[in-house]
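S.K.:
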Amino acid sequence: MILDIYKIPFIVMLLKSVLSLSDYDFEVISVERCPMTEEEWKVSSARLNCNDTFEYNCVPNKHLTSLIEFCYPGKKSLYQEGNCLELAAKGLFNHVPCKSTFSCGCPDTFYYSNEIYKFPMCLSINSMLRCFNADVGCISSRSLKSNTSEPQTTTSVEDQTTSIKGQTTIDVGSSEKDFMTTVSNVAEVPNKNSEPCLCPYSGYIAAVFFCVVFSIPTIALAVLCVRKRKSRDERYEDIVETIQLQSMDEKDTASEERAVHTVQENGGVKEKVNAKGSELPSLLLNLNDLECEHMVEDMELLLLLRRHCLHGAFENFYYLLKTRILNKKDEKVLSILESRDREGCSLLHYAAAGGSKDILEKLLAHCTKRKVDDVNHSGHTVLHIACKYDNVDICKFLLSDDGRIDLLLTKESRSKWNAAHFTAVCGKFSIFQYLHGKEKLDINCVTLNGLNILHIACIHNHTDFCQKLIERHEELGLSLETSDPRGWSVAHFAAKVGNKDIFQLFMHKKFTSFKTHHKKSILHICCEHGHFDLCKLIVEESPFIGGLLDDIDDEGWTALHSAAKGGNLEVFKLIERTLASTDPLECLVKETYNRKTVLHICCIHKHVEICKYICDKLKSTPHKINKVTRKYWTAAHYVAVEIKQDGTEEKLIKILVDAGIDLQAKSDEGKTVLTVAIEHRNKNLVDYLLDYHPKLVKIERAKLRDVAGFDNEIETKIENALQKLLKANM
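The sequence shown lines up with residues -20 to -1, 1 to 710 when you count with mature numbering (1 follows the signal peptide of the UniProt record, and there is no 0).
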């Protein structure tokens, strides 16, 4: 059978996808979609027989030609915000920067690889174009290139949790090779800590096709589409914001006060704190919510009710309840009071967050389906939420009835959090005392991930709450030494958040010298997070400092290695001085179990100041600068791995070269720093190396061409550099 010409690109991509599966040291399986919820993740893990040692993961492969699932043999690690993941060569997770390239959906917080489903756009790829669907620039540029010869369809993201709306079908061509391209005007991606983001990647694809067909400039059409979407969203915002109550003023000073975002100091680091209740879903009309039993007009009323519940505006709430619901005597309208949002929160939950006891009473009086012990999808009750947001009046109202005490105080969320845990989140000991006085509350209960109330209060930096718990721990029967399943005690959590005041409460206790199951000490953890004041306190005043300084974790890391990762130069110098021996350079070249030095580690994490400090000290001993790991990687190789593309990589390479590093050194697989930069698509660093170190293209040319072949832009640059070098030698 003779294949149609237009099918050849699909076959080529399929072959590339299959061949890419052999690039790893362990078995990977190509899949059409990754699990998009925690439950799906667990099911897939069981299907592959993964376990705690070999945890289930699902990410794009390193060429973005397929999604792959596998049981990962490596250590579980946190990955930086602003990056997605791909499985790079030999089976290592590689950061893929998305903060400046994704139109939406880029991770906005640190996460573990097995939590990547929380960021759906990191699992939504176009395998034909080898782009993330949220990477507007990649999609549009490659669509334009691929369509200069023959049109191709794009892959669908219908199976992802991102929701596709406003579909338009465009007829292109008139021969038997005609095809229909489905264009999505808006893709909305859930974002845990922000308003829903609008992801117009498909609009840009549409712009490309229109450009080809009608010769309209792509940029002009893209701008037009974005403006149109913005205008539409503003109209929906206006629907909610301009609905006026007919006979009363909506001014509510309490709600205005709650809406303010504050900044609190945490060990010298400023943190943005969301307004009370702000992590509940948006109060703007969301097009996803159209898929419900309510009429659009009723949905707008529901949004207003949620707003007033959340702001504790009883007069406004009661006016709407009386005039727009109760007086109508319409079952459909009355059912609004029973409605849940996408997180399973009813108006009762909103009222508990807002703090109005009167609103909560009215809702309980008129709701038939929603009861006082009603829970949302996370298993949170109204008492949980009231405790979390420091609404003591709500708590007292809920527990004023003995029948409710049994219902609410003993109830746990799906993650095994009870009301006591949520009091630790808000940090108000008075609420904890009130609940504890009811005698039904199990204050020693641990959550699903092994946290007790002291751990939670410490993680949230509530010093006074922790102090009172510690002062009364014997009376409360609360053990200070309790640790989570990974061996983290309150001492380790205090080291992680850098709270010196909390740590001083138990600094002389023996358990502060205990290590986690991965053999990390409090000094490891404090150094890793760059907390100078607490590190100084531990070094100068801890009775266990002798052992802490000598401790190494299960990867052979000392506290100085952790300080190199943390990036605080003052912490690094402090630990270096404390470790000083007869040879002042000894600690700088001490190796981990896989032979990494502090120079390797600070280059991985792009800490320029520490790199320069180390190189200045080791300049006189180039062989120490050029130390290699078990895989024969120098510090320069690691510069190319964690991508920042803000000039940091170039600064690090210059510092290393000035200090005498051999930039042409090859790993055990024949890779130079240029090869690694290409593998990780670190385009800025590739440009820098080609401009200032062009001789690198002469080393392992076949390997360079092979890794560059999966990116047209880089491939062109490498070929041009080779041609330029060839001409120079003629």
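For glycine and all other residues, C-beta sits at the position ideal for the given N, C-alpha and C. As the structure is a computational prediction, the values presented were derived from the model and not from experiment.
Would you kindly report the start and end of the unbroken alpha helix (DSSP H) that includes asparagine 692?
M.R.: For the purposes of this step, residue 692 is taken as the residue at position 712 of the sequence shown. Where asparagine 692 is concerned, the enclosing alpha helix (DSSP H) stretches over 692 to 709.
S.K.: Tell me the rounded alpha-carbon separation between residue 711 and phenylalanine 409.
M.R.: As shown, the chain starts at -20 and ends at 710. That puts residue 711 outside it, with no answer to give.
S.K.: Between the Cα of cysteine 506 and those of Leu528, Leu485 and Pro523, spot the shortest distance and give me the residue it belongs to.
M.R.: Mapped onto the sequence shown, residue 506 falls at position 526. Here the closest residue by C-alpha is Leu528.
S.K.: Which whole-angstrom value is the C-beta distance of tyrosine 668 and glutamate 630, which I expect to be below 8 Å?
M.R.: As a working note, residue 668 is residue 688 in the sequence shown. As a working note, residue 630 is residue 650 in the sequence shown. Right, their Cβ atoms sit about 5 Å apart.
S.K.: Three-state secondary structure (DSSP) at proline 87?
M.R.: Sequence index remark: in the sequence shown, residue 87 carries index 107 (1-based). DSSP places proline 87 in coil when its eight states are reduced to three.
S.K.: Run through the stretch 274 to 302 for me and flag every whole alpha helix (DSSP H) of 4 or more residues, listed as ranges in chain order.
M.R.: Those alpha helix (DSSP H) runs which fall completely within the stretch 274 to 302 and span 4+ residues are 276 to 291 and 294 to 300.
S.K.: Here's the rule: buried if 16 or more other CB atoms are within 10 angstroms of the residue's CB, otherwise exposed. What is proline 87?
M.R.: Reading the sequence shown from its first residue, position 107 is the one you call residue 87. Answer is buried; the Cβ neighbour count reaches 16.
S.K.: Closest to aspartate 422 by C-alpha separation, out of Ala437, Leu428, His401 and Ile436, would be which residue?
M.R.: As a first step, residue 422 must be located in the sequence shown, where it is residue number 442. That would be His401, whose Cα lies nearest to the Cα of aspartate 422.
S.K.: Using the three-state DSSP reduction, which class does serine 542 fall into: helix, strand or coil?
M.R.: Residue mapping note: residue 542 aligns to position 562 of the sequence shown, counting from 1. Of the three classes helix, strand and coil, the one that applies to serine 542 here is helix, per DSSP.
S.K.: Among the residues of its own chain, which have a CB less than 6 Å from the CB of aspartate 534, if the five just before and after it don't count?
M.R.: Along the sequence shown, one-based indexing puts residue 534 at 554. Counting only Cβ-Cβ distances below 6 Å, and skipping sequence neighbours, we find His498 and Lys499.
S.K.: Under three-state DSSP, which class holds leucine 428?
M.R.: The residue labelled residue 428 in the question sits at position 448 within the sequence shown. Leucine 428 falls in the coil class under three-state DSSP.
S.K.: Going by Cα to Cα distance, which pick from Thr496, Asp444 and Arg681 is closest to glutamate 461?
M.R.: What you label residue 461 is simply residue 481 of the sequence shown in a count that begins at 1. That would be Thr496, whose Cα lies nearest to the Cα of glutamate 461.
S.K.: Who are the near neighbours of tyrosine 184 in its chain, counting only those whose CB is closer than 7 Å to its CB and skipping five residues on each side?
M.R.: Here residue 184 is taken as the residue at index 204 of the sequence shown, counted from 1. A caution first: tyrosine 184 carries a pLDDT of 46, below 50, which makes its placement in the model unreliable, though a value can still be read off. Taken in chain order, the residues that qualify are Val116, Ile119, Ser120 and Ala202.
S.K.: Please state whether DSSP places histidine 75 in a helix, a strand or coil.
M.R.: As a first step, residue 75 is located in the sequence shown; it is residue number 95 there, counting from the start. Histidine 75: strand per DSSP, three-state reduction.
S.K.: If you draw a straight line from the alpha carbon of aspartate 353 to that of isoleucine 385, how long is it in whole angstroms?
M.R.: What you label residue 353 is simply residue 373 of the sequence shown in a count that begins at 1. What you label residue 385 is simply residue 405 of the sequence shown in a count that begins at 1. Rounded to whole angstroms, aspartate 353 to isoleucine 385 spans 10 Å at the Cα level.
S.K.: Cβ of asparagine 424 within 8 Å of Cβ of leucine 379?
M.R.: Translated into the one-based positions of the sequence shown, residue 424 becomes position 444. Translated into the one-based positions of the sequence shown, residue 379 becomes position 399. Result no, Cβ atoms of asparagine 424 and leucine 379 do not sit closer than 8 Å.
S.K.: Per DSSP, arginine 320 is paired with what?
M.R.: As a working mapping, residue 320 is identified with position 340 in the sequence shown. In the DSSP output, where bridge partners are listed per residue, arginine 320 has Ser326.
S.K.: Determine the DSSP secondary structure at phenylalanine 412, reduced to helix, strand or coil.
M.R.: One-based indexing of the sequence shown puts residue 412 at position 432. Helix.
S.K.: Pick out whichever of Ser336, Leu632 and Glu699 has its Cα sitting closest to the Cα of valine 588.
M.R.: As a first step, residue 588 must be located in the sequence shown, where it is residue number 608. For valine 588, the nearest C-alpha among the options comes from Leu632.
S.K.: Note down the Cα distance separating proline 15 from proline 77, rounded to an integer number of angstroms.
M.R.: By 1-based counting over the sequence shown, the position of residue 15 is 35. By 1-based counting over the sequence shown, the position of residue 77 is 97. The alpha-carbon atoms of proline 15 and proline 77 are separated by roughly 22 Å.
S.K.: Hey, would you say cysteine 375 sits closer than 8 Å to leucine 363, going by beta carbons?
M.R.: On the sequence shown, residue 375 is found 395 positions in, with the first residue counted as 1. On the sequence shown, residue 363 is found 383 positions in, with the first residue counted as 1. In contact: cysteine 375 and leucine 363 (Cβ atoms closer than 8 Å).
S.K.: If you count every other CB in all the chains shown that lies within 10 Å of the CB of leucine 327, and 16 or more means buried, which is it?
M.R.: Translated into the one-based positions of the sequence shown, residue 327 becomes position 347. Buried is the call here.
S.K.: Counting pairs of beta carbons, one from the stretch 280 to 292 and one from the stretch 321 to 338, are three or more of them closer than 8 Å?
M.R.: Result yes; three or more Cβ-Cβ pairs closer than 8 Å.
S.K.: Are the CB atoms of histidine 346 and alanine 404 within a distance shorter than 8 Å?
M.R.: Reading the sequence shown from its first residue, position 424 is the one you call residue 404. Reading the sequence shown from its first residue, position 366 is the one you call residue 346. Taking 8 Å as the Cβ cut-off, alanine 404 and histidine 346 do not qualify as a contacting pair.
S.K.: Counting only runs that start and end within the stretch 558 to 622, where is the alpha helix (DSSP H) found for 4 or more residues in a row?
M.R.: Within the stretch 558 to 622, the complete alpha helix (DSSP H) runs of at least 4 residues are 578 to 584, 588 to 598, 602 to 605 and 615 to 619.
S.K.: Can you tell me where the beta strand (DSSP E) holding tyrosine 668 begins and where it ends?
M.R.: In the sequence shown, the residue the question calls residue 668 occupies position 688. Careful: tyrosine 668 lies outside any beta strand (DSSP E), inside the alpha helix (DSSP H) at 663 to 672.
S.K.: Could you tell me how far apart the beta carbons of leucine 670 and alanine 701 are, in whole angstroms, since I believe they sit closer than 8 Å?
M.R.: Position 690 of the sequence shown, counted from the first residue, corresponds to residue 670. Position 721 of the sequence shown, counted from the first residue, corresponds to residue 701. The pair is a contact, with the Cβ atoms about 5 Å apart (cut-off 8 Å).
S.K.: Have a look at lysine 704 and isoleucine 694 and give me their C-alpha separation to the nearest angstrom.
M.R.: Taking the sequence shown and counting its residues from 1, one reaches residue 704 at position 724. Taking the sequence shown and counting its residues from 1, one reaches residue 694 at position 714. Their backbone Cα atoms lie some 15 Å apart in a straight line.
S.K.: Of the choices Ala399, Tyr414, Ala68 and Ala474, whose alpha-carbon is the least far from that of lysine 42?
M.R.: What you label residue 42 is simply residue 62 of the sequence shown in a count that begins at 1. If we check each option's Cα against that of lysine 42, Ala68 comes out closest.
S.K.: Give the straight-line distance between the Cα atoms of asparagine 398 and serine 493, rounded to the nearest whole angstrom.
M.R.: Here residue 398 refers to the residue found at position 418 of the sequence shown. Here residue 493 refers to the residue found at position 513 of the sequence shown. The alpha-carbon atoms of asparagine 398 and serine 493 are separated by roughly 30 Å.
S.K.: With a Cβ-Cβ cutoff of 8 Å, do arginine 350 and glutamate 318 count as a contact?
M.R.: Position 370 of the sequence shown, counted from the start, is the residue given in the question as residue 350. Position 338 of the sequence shown, counted from the start, is the residue given in the question as residue 318. Yes.
S.K.: Can you tell which of Phe82, Lys678 and Lys98 has the C-alpha that lies nearest to the C-alpha of leucine 112?
M.R.: Position 132 of the sequence shown, counted from the start, is the residue given in the question as residue 112. Inspection of the sequence shows that residue 112 is occupied by phenylalanine rather than by leucine. That would be Phe82, whose Cα lies nearest to the Cα of phenylalanine 112.
S.K.: My understanding is that isoleucine 518 touches isoleucine 502, with C-beta atoms under 8 Å, so please give their C-beta distance in whole angstroms.
M.R.: By one-based count along the sequence shown, residue 518 stands at place 538. By one-based count along the sequence shown, residue 502 stands at place 522. Correct: roughly 6 Å between the Cβ atoms.
S.K.: Just how far apart, CA to CA, sit proline 131 and cysteine 367?
M.R.: As a first step, residue 131 must be located in the sequence shown, where it is residue number 151. As a first step, residue 367 must be located in the sequence shown, where it is residue number 387. Residue placement at proline 131 cannot be trusted, given a pLDDT of 42 that sits under 50; the coordinates are not used to answer.
S.K.: Have a look at isoleucine 525 and alanine 560 and give me their C-alpha separation to the nearest angstrom.
M.R.: As a first step, residue 525 must be located in the sequence shown, where it is residue number 545. As a first step, residue 560 must be located in the sequence shown, where it is residue number 580. If I take the Cα positions, the gap works out to 14 Å.
S.K.: Can the beta-carbon of leucine 389 be found closer than 8 Å to that of lysine 418?
M.R.: Your numbering for residue 389 matches position 409 in the sequence shown. Your numbering for residue 418 matches position 438 in the sequence shown. Closer than 8 Å, so yes.
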